[in-house]
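Those letters in the sequence shown? Residues 0 to 447, per numbering that gives the first Met the number 0, in order. Every residue, glycine too, gets a C-beta built ideally from N, C-alpha and C. Here the structure is a predicted model, which means the values were calculated and not measured.
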Amino acid sequence: MKTEGFRMEPLDLTLPRDFLWGVATSAYQIEGAVSEDGRTASIWDTFCRVPGAVAGGETGDTACDHYHRMPQDVALIAGLGVDAYRFSLSWPRIQPGGKGPANPRGLAFYDRLVDELLAKGIRPWITLYHWDLPQELEDNGGWPARDTAERFADYAELCVRQLGDRVRWWTTLNEPWCSAVLGYELGIHAPGRNDRGDSLAAVHHLLLGHGLAAQRLRAAAGHPVQVGITLNTTHAIPADDRPASVAAAHHADGLGTRLYLDPLVHGRYPADVVDALHRENVHLPLHDGDLADIAQPLDFLGVNYYTSHVVGADGPVRRDLPRTAMDWEIHPEGLTDHLVRLGRDYPGLPLYVTENGAAFDEPAPSGGEVADPRRTAYLDAHLRAVAAAHAQGADVRGYFAWSLMDNFEWAEGYAKRFGLVHVDYPTQRRTLKQSARWYAATVARSRA
Ligand code: FCB
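So this is what it looks like as structure tokens:
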């Protein structure tokens, strides 16, 4: 019954009239064409070839073949009626090897993409780094090496010099927690290292890279640009009110939220987190002046939210809540609370939900449709949660559904489908899921 109701009934939300609606993707997850037009390898190209690293031994070699189907995909976005498209630039396409001059053929692809979007009235929302570090930079130490932050700032400048005349919205990094922790500590993501010290050094150099890039973006654009960062901050809920549980949740929040936002916004690392890390003998490679470089003014904060984390004295607690195919619990109230909390602790920062969505096991297209009621229900509940946060005072100004289409879900390969649009990989045929039609109707209604 409930599912029936969700099928096509668009949501009617109380949100500002200029609330920004969008869909999101990232370069390595959709583009394919990994050796074309001068692109060199990224850490993901390398990692995908490590036996056992990615489910099914899959790679981004072809992905959604977006590199060759870009105009058709932009038409798809336009068909949804959204205002904005969040996508990332491939560093090894634009600056092969991670240093030196720009590769004109790589840049030309993004030139065409930006022009195509603008011609259809869609705002390009660029992410400079969504995890595809040029392999040469990893060979020189990767994010644990300070030099990578400088290289990132150079790359940012190349990008804004080429695209800054048409693109106003620039996000430096996507989810530095994932780059640092999944990539350098847990080894689940590229480059697959397992070193807590490297991971903490990566955190610092990612944030430094953000700050240096923000300065270069503003200086080189030649006109005002909006510069921000997207984080997957941790919404940590204490399992109960015992002091040990409250302390454990506070520590999880420290590692997942404050370790990033405190230096970015307040220009200092959180003392409790730094002390705890010292006790484990891991240290931030902090130089004089770094915090001032990191704490550049932010025009917006991108928030990626999928799930909440319940933490007790003995570690994570598994609640009896419905879960997605990623085994992430579905907890829309967490999004409300988290947005309100970010607004309270980091005031003055316009918030955009830059990713939210879900993977479910769902049927293949039939009769030109994909029945994905659980995705529609998930989006419905989370959009209500966004509106509730707005009503409670959070300055949330936009929402991007993850993802425009099914794509390469990192270590999970292609099995986990997050798209509003179904992709049949052998034929590359795109089919709108019911959730896509519902999302388009909800966007249309919000403007009515
Ligand atoms: C986020 C990533 C995005 C996608 C979603 C499911 O952490 O930014 O690329 O993989 O998760």
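Asked, Found
"What do you reckon, are the CB atoms on residue 152 and residue 179 nearer than 7 Å?", "no"
"So with Cβ pairs under 7 Å, would you call residue 392 a contact of chain B?", "This model lacks chain B altogether; it includes just one protein chain."
"Excluding the 5 residues flanking residue 181 on each side, which residues of the same chain have their C-beta closer than 7 Å to its C-beta?", "187, 188"
"Quick check on the DSSP output: what are the complete beta strand (DSSP E) runs of length 3 or more inside the region 292–369, in order along the chain?", "299–303, 308–311, 314–316, 350–354"
"Could you check where the beta strand (DSSP E) with residue 394 kicks off and where it finishes?", "Note, residue 394: premise wrong, no beta strand (DSSP E); not H, not E."
"Is the region 203–219 touching the region 58–68 in the sense that three or more CB pairs, one from each, lie closer than 8 Å?", "no"
"Taking the beta carbon of residue 74 as the centre, do at least 16 other beta carbons fall within 10 Å, making it buried, or is it exposed?", "exposed"
"Whole angstroms are fine: how far does the CA of residue 242 sit from the CA of residue 41?", "45 Å"
"Please state if the CB of residue 307 and the CB of residue 330 are separated by a distance shorter than 7 Å.", "yes"
"Between residue 101 and residue 93, what straight-line distance do the alpha-carbon atoms span, to the nearest angstrom?", "6 Å"
"Rounded to the nearest angstrom, what separates residue 232 and residue 302 at their Cα positions?", "7 Å"
"Could you check what DSSP says for residue 253 in three-state terms: helix, strand or coil?", "helix"
"With three or more beta-carbon pairs closer than 8 Å as the criterion, would you say the region 118–133 touches the region 154–171?", "yes"
"Reducing DSSP to helix, strand and coil, say where residue 2 ends up.", "Confidence in residue 2 is poor, its pLDDT being 42 and thus under 50, which makes the residue's placement unreliable; the coordinate value appears in the next sentence. Of the three classes helix, strand and coil, the one that applies to residue 2 here is helix, per DSSP."
"Is it buried or exposed for residue 4, if we count other Cβ within 10 angstroms and need 16 for buried?", "Residue confidence is low: residue 4 scores 43 on pLDDT, short of 50, so the model does not pin down where it sits. Its coordinate-derived value is still stated next. Exposed, since its Cβ has fewer than 16 Cβ neighbours within 10 Å."
"Pick out whichever of 420, 292, 33, 333 has its Cα sitting closest to the Cα of residue 457.", "The first residue shown for the chain is 0 and the last is 447, placing residue 457 beyond what the model contains."
"Can you give me the C-alpha to C-alpha distance between residue 228 and residue 323, rounded to a whole angstrom?", "26 Å"
"Under 6 Å: does the beta carbon of residue 25 sit that close to some heavy atom of ligand 3?", "What this structure holds is ligand 1, not ligand 3."
"For residue 43, collect the residues of the same chain with a Cβ closer than 7 Å to its Cβ; drop the 5 residues on either side in sequence, then sort them by chain order.", "27, 59, 130, 131, 189"
"Does ligand 1 have a heavy atom nearer than 6 Å to the CB of residue 184?", "no"
"Whole angstroms is fine: what's the gap from residue 247's alpha carbon to residue 104's?", "50 Å"
"Find the nearest neighbour of residue 389 within the set 339, 400, 436, 89, judged by alpha-carbon distance.", "339"
"Would the beta-carbon of residue 294 fall within 7 Å of that of residue 342?", "no"
"Going by CA-CA distance only, name the one from 291, 250, 234 that's closest to residue 263.", "291"
"Using DSSP's beta-bridge definition, name the partner residues of residue 169.", "125, 226"
"Could you name the residues of the same chain whose beta carbon sits closer than 8 Å to that of residue 261, not counting the 5 residues immediately before and after it, in chain order?", "267, 268, 269"
"At 3 residues or longer, and completely inside the region 88–151: list those beta strand (DSSP E) runs for me, N to C.", "122–128"
"When DSSP labels each residue in this structure, what does residue 430 get in the three-state scheme?", "strand"
"Rounding to the nearest angstrom, what Cα-Cα distance links residue 9 and residue 445 in this structure?", "9 Å"
"Along the chain, where does the alpha helix (DSSP H) that runs through residue 196 open and close?", "195–220"
"Can we count residue 149 as close to ligand 1, meaning its CB is less than 6 Å from some heavy atom?", "no"
"Which residues bound the alpha helix (DSSP H) around residue 65?", "65–79"
"Nearest-angstrom Cα distance between residue 449 and residue 90?", "Because the chain here runs from 0 to 447, residue 449 falls outside it and cannot be looked at."
"Using the Cα positions of residue 83 and residue 399, report the straight-line distance between them to the nearest angstrom.", "8 Å"
"Between the alpha carbons of residue 443 and residue 14, how many angstroms are there, rounded?", "13 Å"
"Can you name, in chain order, every residue of its own chain whose Cβ lies under 7 Å from the Cβ of residue 158, other than the five neighbours on each side?", "88, 93, 127"
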